[in-house]
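Chains A and B, in that order, give the protein sequences. Under the numbering used here, the first residue of the first sequence carries the number 160, and numbering increases by one thereafter. Under the numbering used here, the first residue of the second sequence carries the number 160, and numbering increases by one thereafter. No residue lacks a Cβ here, since even glycine has one placed at the ideal position from N, Cα and C. Only a predicted model underlies this, so the values are computations on that prediction, with no experimental measurement involved. Each remark here refers to the structure printed beneath this line.
Number of protein chains: 2
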Amino acid sequence: MSLLVVGSIAFDSIETPRGAVEEALGGSATFFSVSASFFTKPRLVGVVGEDFPDRHKKLFVDRGIDTTGLATAPGKTFRWKGRYHQDMNTRDTLEVHLNVFETFEPTLPPAFQGSTHIFLANSSPVIQAKVLDQISKARLVMADTMDLWIETQHDELMALLPRIDGLLLNDSEARLLTGEENMVRAGRAVRQLGPKFVIIKKGEHGAMLFSEDGVFVVPAYPTPDVVDPTGAGDCFAGGILGYLDSDDSPPPGRLRRAMAFGTVVSSLVVEDFGLRRLQRTNRNEIDERLEQYRAMLSF
Amino acid sequence: MSLLVVGSIAFDSIETPRGAVEEALGGSATFFSVSASFFTKPRLVGVVGEDFPDRHKKLFVDRGIDTTGLATAPGKTFRWKGRYHQDMNTRDTLEVHLNVFETFEPTLPPAFQGSTHIFLANSSPVIQAKVLDQISKARLVMADTMDLWIETQHDELMALLPRIDGLLLNDSEARLLTGEENMVRAGRAVRQLGPKFVIIKKGEHGAMLFSEDGVFVVPAYPTPDVVDPTGAGDCFAGGILGYLDSDDSPPPGRLRRAMAFGTVVSSLVVEDFGLRRLQRTNRNEIDERLEQYRAMLSF
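Right, dumping it as structure tokens:
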């Protein structure tokens, strides 16, 4: 099997109540692929500027990530600057410079077009559809989206939803998309728009899965050490698809187990700035935390 | 074993996005004891006014609740009026008339003083301490509290905490009491104040348990039919202590199982106004939903 992610690669400057960091390697495709790399060898498609240092490319390669689809364009790499509030659940975007990402038109290397698992990280549904057009025989396509696209590219998003297997969005986005306040109703309503399954992310409160098997609730792993929440959602997705790409067992339990792995990786990434915590972990620690998490939920 | 609850009995007038109800039977001791009555025969201590109808007393008796400690005082029963916001998670209190509850000094009937399980429903820590003074040999005392007492009777609350086994409070109250934003840190910090275990309620996001065995996370049962959230927290507590009072198995798993039962009863009560949904359920339905809940959490 094979896992492809198409998304952003960025430099994040972040302030949280626990400290600050300047121009740390980030972006949705970065967090996703590093998270997935604990389970499989993801294929990364994205664009960086001429200022992107070799040591970051080496980080990807060292984690077994295939960078054949990593393009370098004239100009600077995408930059984002944000500040988290005291509760760590809300943040203000202080600066966004899309730079080379603004005109990014993903072209998949021929070898990537037959990938079995695809993650369309958060970007315009037009771009996401263009990626899908290049895919020949995916087993499972999951897409992320955000309030901006729900509001400004509604029709394009509606056209995309029946073409994907899974949609990932957060609780306020699910409300915006469906008009339903109740999350169970909202999740069911999103499924009516086309995706076979829907995952609603609730930040520190975990996530919910809606599929033909009903509703599955996934509390967050309760870590006392939240330093920087950036990337948690993409690491959640990376754990899910990374695990799915590595496990060929029958479907019913697979997606739930995948969500548990996604939960564990996202609980790790928030324990330090950027990718630092993931650079200090390994599959062993992930498996151990998964067992703690399982015990924590059993009664 | 035997379960005692001391708390309020009220008439609730409630508006929610799903409808409205006038002067429905409510109050913390009411919701608690009706919830607990699915597991054991609770003893109720509270006060009502001369306007309290016999049919409400009959409702308690029909559910096996011992009303020996239900006092009738000159005047009117406690009344509360509130309106829930569109999201059902927040509400405005429109009117509070404490009436006979204002001067309530609970006196336990002699037969109740040896109760093994005690729930001190939300009231001033001074009143809660006076109840404790009358208890001779409880196995487990759990207390509820609220922001008002944390702010206005802080010292009295601090004096109470080492005398109880478990404290129940919601997430914003835990933040207020400890100054910790992170719920894992807040839960641990509350335990340092005296209680052997702490349960932090997070509304539609479930609850967390902190005990000597570590952290246990309890997502809410995801019901699509939230009609009226009033009483959910007290039904959660009633399910916990009702179940504990009925189960004499070894401790480690008991409290977790009890919280799962509390979660199920609170997911039922919110599906209609006041006590209506609980009046249409039975232990069978509770057990069935518990199994659905268990399946929903397993991976």
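Distance from the Cα of T266 (chain A) is smallest, within the candidate group A:Q287, A:S192, A:G346 and A:N248, for A:Q287.
Residues of chain A whose Cβ lies closer than 7 Å to the Cβ of P378 (chain B) are, in chain order, G365, V376 and P378. An exposed status is given to A270 (chain A), since fewer than 16 other beta-carbon atoms sit within 10 Å of its beta-carbon. Going by DSSP, F219 (chain B) is part of the alpha helix (DSSP H) stretching over D213 to D221. When B:T226, B:E310 and B:S405 are compared, the shortest CA-CA separation from A417 (chain B) is found for B:S405. One Cα belongs to V259 (chain B), the other to Q438 (chain B), and the distance between them is close to 26 Å. In this structure, L335 (chain A) lies away from I359 (chain A), with their beta-carbon atoms at least 7 Å apart.
A direct Cα-to-Cα measurement between D330 (chain B) and G186 (chain A) gives close to 31 Å. Residue B:M160 holds the alpha-carbon nearest to the alpha-carbon of Q272 (chain B) among B:M160, B:T236 and B:E209.
The C-beta separation of L218 (chain A) from G401 (chain A) comes to about 17 Å, leaving the pair out of contact by the 8 Å criterion. Taking 8 Å as the Cβ-Cβ cut-off, the region 404-427 of chain A approaches chain B at G412, R415, R416, M418 and A419, given in chain order.
Apart from sequence neighbours up to five positions away, the residues of its chain that approach V429 (chain A) with a beta-carbon distance below 7 Å are T382, V385, V386, D387, P388 and A391, ordered along the chain. Near chain A, meaning a CB-to-CB distance below 8 Å, the residues of the region 316-344 of chain B are E340, N341, M342, V343 and R344.
Within the model, the alpha-carbon separation for V180 (chain B) versus D171 (chain B) is close to 8 Å. The criterion of a C-beta distance shorter than 7 Å is not satisfied by A348 (chain B) and L326 (chain B). Separation of Q293 (chain A) and D221 (chain A) (C-alpha to C-alpha, rounded to the nearest whole angstrom) is 28 Å.
Judged by DSSP secondary structure, Y452 (chain A) falls within the alpha helix (DSSP H) whose first and last residues are R442 to L456. A direct Cα-Cα distance of roughly 6 Å separates L184 (chain A) from A169 (chain A).
In the DSSP annotation of this structure, the continuous segment of the alpha helix (DSSP H) that includes D393 (chain B) starts and ends at A391 to S405. Residue contact check for M301 (chain A) against chain B: no CB pair falls below 7 Å. Distance between M455 (chain B) and G208 (chain A), taken at the CA atoms: about 45 Å. Contact between the region 419-427 of chain B and the region 440-449 of chain B is present: three or more C-beta pairs spanning the two stretches fall below 8 Å. In this structure F369 (chain A) is in contact with R350 (chain A), their Cβ atoms being roughly 5 Å apart against a cut-off of 8 Å. When only Cα atoms are considered, A232 (chain A) and V206 (chain A) end up about 7 Å apart. In this structure, F278 (chain B) sits near V164 (chain B), with a CB-CB distance shorter than 7 Å.
Neighbours of V385 (chain A) in chain B, taken as residues at a C-beta separation under 7 Å, are given in chain order as N341. Close partners of K361 (chain B) in chain A (Cβ separation under 8 Å): H364. When B:F190, B:E182, B:D314 and B:L352 are compared, the shortest CA-CA separation from A396 (chain B) is found for B:F190. Between P409 (chain A) and L403 (chain A), the alpha-carbon positions lie close to 11 Å from each other. Q245 (chain B) reaches chain A at E340, counting residues in chain order whose Cβ is nearer than 7 Å. Contact with chain A is found for P381 (chain B), since one of that chain's Cβ atoms lies less than 7 Å from the residue's Cβ.
For the region 195-272 of chain B, the full-length beta strand (DSSP E) segments reaching 3 residues or more read 202-207, 225-231, 237-243 and 250-256 along the chain. Contact of L456 (chain A) with chain B is assigned, a C-beta pair being separated by under 7 Å. Taken through DSSP and simplified to helix, strand or coil, M301 (chain A) comes out as strand.
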